[in-house]
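*Asks:*
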Amino acid sequence: MKTALIFLCFLAVVYSAETESKDTSVREELAPKEEERACVPLGEECNGNDCKCCNKWTYCKCPFGTGFACSCVFGGAMVCERKKKKCKNPEVMNTPPGPCFSGRG
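Per mature numbering (1 follows the signal peptide of the UniProt record, and there is no 0), the sequence shown runs over residues -16 to -1, 1 to 89.
#1: Verify whether the separation of the beta carbon atoms of G32 and G51 is less than 7 Å.
#2: Give a yes or no on whether the C-beta atoms belonging to C54 and C46 are separated by under 7 Å.
#3: Taking all protein chains shown into account, decide if T42 is buried (16 or more other Cβ within 10 angstroms of its Cβ) or exposed.
#4: Could you check if V76 is buried or exposed, using at least 16 other CB atoms within 10 Å of its CB as the buried criterion?
#5: Excluding sequence positions up to five away, which residues of its chain have a Cβ less than 8 Å from the Cβ of C30?
#6: Using DSSP's beta-bridge definition, name the partner residues of C37.
#7: In whole angstroms, give me the CA-to-CA distance for K40 and F48.
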């Protein structure tokens, strides 16, 4: 009787461990990769891609159009409009919240 109880406990542990490993693998497949999700803060080095810069008003500026030594710099509302059409990363476009142009004028 004790052997049967120990065997059932062992099966329960194996089953729960197997189920847990399947759950994490599904989550990992659905989660975006870190390099796709992370954005580059203002002033930091970027790779020429405006969508990598955090904040909807920043863009990646490369001196003399070389593609080297690029950094995220502050732009304006037109940069925001361009990034809204081009960039799909919500982390980039959600900060700061609100529209590109203010309603005042």
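Positions of the beta carbon are idealized from the N, C-alpha and C atoms, including for glycine.
*Replies:* Reading from the atomic positions:
#1: Contact: yes.
#2: Cβ atoms of C54 and C46: closer than 7 Å.
#3: Buried, because 16 or more other Cβ atoms sit within 10 Å of the Cβ of T42.
#4: Burial state of V76 is buried, judged by a 10 Å Cβ sphere holding 16 or more other Cβ atoms.
#5: Closer than 8 Å at the Cβ level, and outside the excluded window around C30, lie V24, K36, C37, C44, C54, S55, C56.
#6: Looking at the DSSP assignment, C37 forms a beta bridge with V24.
#7: Straight-line measurement puts the Cα of F48 at about 23 Å from the Cα of K40.
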